[in-house]
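Below is one structure, written out as structure tokens; comments come after it.
Number of protein chains: 2
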Amino acid sequence: MVTPTSHPPIEGVPQVRSFNRLVTERIGALSDEYLARGRPLGASRLLWEVGVAGADVRDLRVRLGLDSGYLSRLLRNLEAEGLIEVVVSPEDRRVRLARLTSKGRMERVVLDRRSDELAESLLAPLSEGQRGRLVAAMAEVERLLTASAAELREVDPADPDVAHCLHEFFGELGRRAARPVTEEDVPTAEDMRAPHGVFVVAYLKGAPIGCAGLKQHDGFAEVKRMWVDAGARGLGLGRRLLDHVEGLARARGIEVLRLDTNEHLTEAIGMYRSAGYEQIPPYSDEPFATHWFEKRLGERGAGDDREGGAAN
Amino acid sequence: MVTPTSHPPIEGVPQVRSFNRLVTERIGALSDEYLARGRPLGASRLLWEVGVAGADVRDLRVRLGLDSGYLSRLLRNLEAEGLIEVVVSPEDRRVRLARLTSKGRMERVVLDRRSDELAESLLAPLSEGQRGRLVAAMAEVERLLTASAAELREVDPADPDVAHCLHEFFGELGRRAARPVTEEDVPTAEDMRAPHGVFVVAYLKGAPIGCAGLKQHDGFAEVKRMWVDAGARGLGLGRRLLDHVEGLARARGIEVLRLDTNEHLTEAIGMYRSAGYEQIPPYSDEPFATHWFEKRLGERGAGDDREGGAAN
DNA sequence: ACCATTCGCTGATGTTAGTCAGAGGATCCA
DNA sequence: TGGATCCTCTGACTAACATCAGCGAATGGT
Chain A
0 MVTPTSHPPI
10 EGVPQVRSFN
20 RLVTERIGAL
30 SDEYLARGRP
40 LGASRLLWEV
50 GVAGADVRDL
60 RVRLGLDSGY
70 LSRLLRNLEA
80 EGLIEVVVSP
90 EDRRVRLARL
100 TSKGRMERVV
110 LDRRSDELAE
120 SLLAPLSEGQ
130 RGRLVAAMAE
140 VERLLTASAA
150 ELREVDPADP
160 DVAHCLHEFF
170 GELGRRAARP
180 VTEEDVPTAE
190 DMRAPHGVFV
200 VAYLKGAPIG
210 CAGLKQHDGF
220 AEVKRMWVDA
230 GARGLGLGRR
240 LLDHVEGLAR
250 ARGIEVLRLD
260 TNEHLTEAIG
270 MYRSAGYEQI
280 PPYSDEPFAT
290 HWFEKRLGER
300 GAGDDREGGA
310 AN
Chain B
0 MVTPTSHPPI
10 EGVPQVRSFN
20 RLVTERIGAL
30 SDEYLARGRP
40 LGASRLLWEV
50 GVAGADVRDL
60 RVRLGLDSGY
70 LSRLLRNLEA
80 EGLIEVVVSP
90 EDRRVRLARL
100 TSKGRMERVV
110 LDRRSDELAE
120 SLLAPLSEGQ
130 RGRLVAAMAE
140 VERLLTASAA
150 ELREVDPADP
160 DVAHCLHEFF
170 GELGRRAARP
180 VTEEDVPTAE
190 DMRAPHGVFV
200 VAYLKGAPIG
210 CAGLKQHDGF
220 AEVKRMWVDA
230 GARGLGLGRR
240 LLDHVEGLAR
250 ARGIEVLRLD
260 TNEHLTEAIG
270 MYRSAGYEQI
280 PPYSDEPFAT
290 HWFEKRLGER
300 GAGDDREGGA
310 AN
């Protein structure tokens, strides 16, 4: 799935390797020590994932990425310890529901405490100032690794994930522009199906968190439905989507990209400008459009050195 | 071993926990995927540790923290794959020496490449600027986690680690002061044995990387032999050692601390001043002493909130 | 009413990781 | 020279972490 760019060497690889080594050793070893309470670590994780609200077994399987049989066994072990109980779901009697017993809830509290202690054991030896810097640096690493984990995929416009994205997109547009948007106002992405267009969805841990579409016209192509989930902003994902779509357009020999947007989407407008788009007169009559932009795609230049054009 | 401070809640615990979760999942899962080349991960790690120069089995056992029997088995597996060969050491025929065959060296190169690819796969989706920030933040996390992993232990002055520290200390002192120091000039730490003093050594991964001693006199105590290994500077270890020794002194009811130092140890002098030590007239005639300092220990105040006094 | 599918469970089986006791040879020290 | 110690290996064992095939009950679509 991941195709590391091969030719231009990426700066910082040794530092990343060194980080990986240190962090997996230190954090990994400590986690075991703190969290395996006489129980296999997998069971502790499972206990945690069941959570106070309970969860159905199907979800747990997906979340933890476990084999159905294996999970079943783990559940029975926890059940034997009296920490959880598994009952059939009232809605679908094939589905089973795991939830914590009161003993299980107590154990979960203990686990929570142990997690805190693990974190404290890392912070405790440091001075006040060092702690602050460590926490800040960890937050930065976390943000950027999250950004890096986002994956772009070309998706068929009929995919439910596309509908989700468009729904969110128009929902926000309506809110920002203070114009109510009903279900029927939300268009499909059928006009961006295969030969005449592409629809790209950004995923994080399997959930769609952004999108962008490309629609070909005569002599130019149009970038449409640029959206990034509110919870995933600030990760540079919008720019990445745009770069990706531009790469796809370039690969198809397209030389001019256009797009329209709404005056209330200020961050988007800023991003388009900084990506080299210039404002042009209206070329469409989309309901929400207030600003129109255009960019000539030259040869791949500086700043385009990622995502490998049409790859991924 | 680690005793998390219990009462004053430590800031940043949730952030650290979140970081731990993300990093173990993301890096851990990726590591497996990239490095387990059809071989158990442990074997790959071992192959790596044997290294181009070869290593004797005893060292490997310590470095990887493996059981003697288990390691033996792993070695035989690698041997069966034709990746290493194990021969008896010429110096001590009990000891066995593992070294890579040419096939093993090639495999190690592949492993190296895979590690690079792992790192690249994290960096590749990011923009130039994000990469720079990620690498910088990783370096910061690594430095601070290393600092946090350093462990202070009270050690008997006869321990060979103490000799090592003093040797390094006087070596550097001689170099800085441009005055040759012979083996005989290096004193022992016998005057800091149990009831009349303490000697504290800082360890990182089992290796001594710093020290500080406390010697009790009438009416005051003296801090002596403050040293931090050149490779471990900038981690705040000097200050931590000093704080720790002050805590020990306080616990013994000592109210006045003195120390002498040499004009060429400028960082140390800076640290003493910032820790509240004030310059006083000479009180000793140590060969290298050029500056003398004193600090009155009051009640534990701000900035002393770590390491829990005499604990650890 | 039927069939395909979904869901969870069970049994069989395999690999990885790790522990423990002790054998056997080599070395060190008194 | 004789014990104590060191180093490695073997055999026996265990726990954790899976994978796979198939069963039986429930469900949804036609």
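Going down the list, the protein sequences come from chains A and B. Here the first sequence is numbered in numbering that gives the first Met the number 0, starting from 0 and rising by one per residue. Here the second sequence is numbered in numbering that gives the first Met the number 0, starting from 0 and rising by one per residue. Glycine is no exception: its CB is placed at the ideal position from the N, C-alpha and C atoms.
- In this structure, DSSP gives Arg295(B) an extended state, which the three-state scheme calls strand.
- Look at Phe198(B) here: in three-state DSSP terms it is strand.
- Within the stretch 19-36 of chain A, the residues whose Cβ lies closer than 7 Å to some Cβ of chain B are Asn19, Leu21, Val22, Thr23, Arg25, Ile26, Gly27, Ser30, listed in chain order.
- Between Pro8(A) and Ala149(B) the beta-carbon gap is near 34 Å, outside 8 Å, which marks them as no contact.
- Note that the stretch 190-210 of chain B touches the stretch 144-162 of chain B; at least 3 beta-carbon pairs, one per stretch, sit closer than 8 Å.
- Ala188(B) and Glu182(B) have their C-alpha atoms spaced approximately 14 Å apart.
- Interface criterion met: the Cβ of Ala146(B) is under 8 Å from a Cβ in chain A.
- Using a Cβ-Cβ cut-off of 9 Å, Glu10(B) is close to Leu122, Glu127, Arg130, Gly131, Val134 of chain A, given in chain order.
- Take Glu84(B), set aside five residues on each side of it, and the residues of its chain with a beta-carbon closer than 7 Å to its own are Glu78, Arg98, Thr100, in chain order.
- Leu110(A): member of the alpha helix (DSSP H) spanning 101-122, first to last residue.
- The count of Cβ pairs closer than 8 Å, one atom from the stretch 127-139 of chain A and one from the stretch 136-149 of chain B, reaches three, so the stretches are in contact.
- Taking a beta-carbon distance threshold of 8 Å, Ser114(B) counts as an interface residue toward chain A.
- For the pair Leu121(A) and Ser17(B), the CB atoms are not nearer than the 8 Å cut-off.
- Each residue's CA atom was taken as its position, placing Val244(A) and Ala118(B) some 25 Å apart.
- A direct Cα-to-Cα measurement between Glu171(A) and Cys164(A) gives close to 11 Å.
- When Glu254(A), Arg232(A), Ser114(A), Leu247(A) are compared, the shortest CA-CA separation from Gly218(A) is found for Glu254(A).
- In the structure shown, Leu59(B) falls within a helical segment according to DSSP collapsed to helix, strand and coil.
- The count of Cβ pairs closer than 8 Å, one atom from the stretch 23-31 of chain B and one from the stretch 15-29 of chain A, reaches three, so the stretches are in contact.
- With respect to the 8 Å criterion, Phe287(A) and Ala176(A) are classified as neighbours on the basis of their beta carbons.
- The closest CA to that of Asp111(A), considering only Pro39(A), Arg60(A), Gly173(A), Tyr33(A), is found on Tyr33(A).
- With fewer than 16 other Cβ atoms from the protein chains shown falling within 10 Å of its own Cβ, Arg178(B) counts as exposed.
- Along the length of the stretch 185-268 of chain B, whole alpha helix (DSSP H) runs at least 4 residues long occupy 236-250, reported in chain order.
- Taking CB atoms only, Ser273(A) has no neighbour in chain B less than 8 Å away.
- Bounds of any alpha helix (DSSP H) do not take in Arg93(B), whose DSSP letter is neither H nor E.
- In terms of beta-carbon proximity, Gly230(B) stays away from the interface with chain A, with every pair separated by 8 Å or more.
- Using a CB distance cut-off of 8 Å, Val140(B) counts as an interface residue toward chain A.
- Here Val222(A) is actually not in contact with Leu264(A); their C-beta atoms are around 13 Å apart, not less than 8 Å.
- Interface flag for Glu48(B) against chain A is unset, since no Cβ pair is found closer than 8 Å.
- Boundaries of the alpha helix (DSSP H) harbouring Ile26(B): 12-34, taken from the DSSP string.
- A Cβ of chain B is located within less than 8 Å of the beta carbon of Glu119(A).
- Your pair Leu213(B) and Leu247(B) checks out as a contact, with CB atoms roughly 6 Å apart and the cut at 8 Å.
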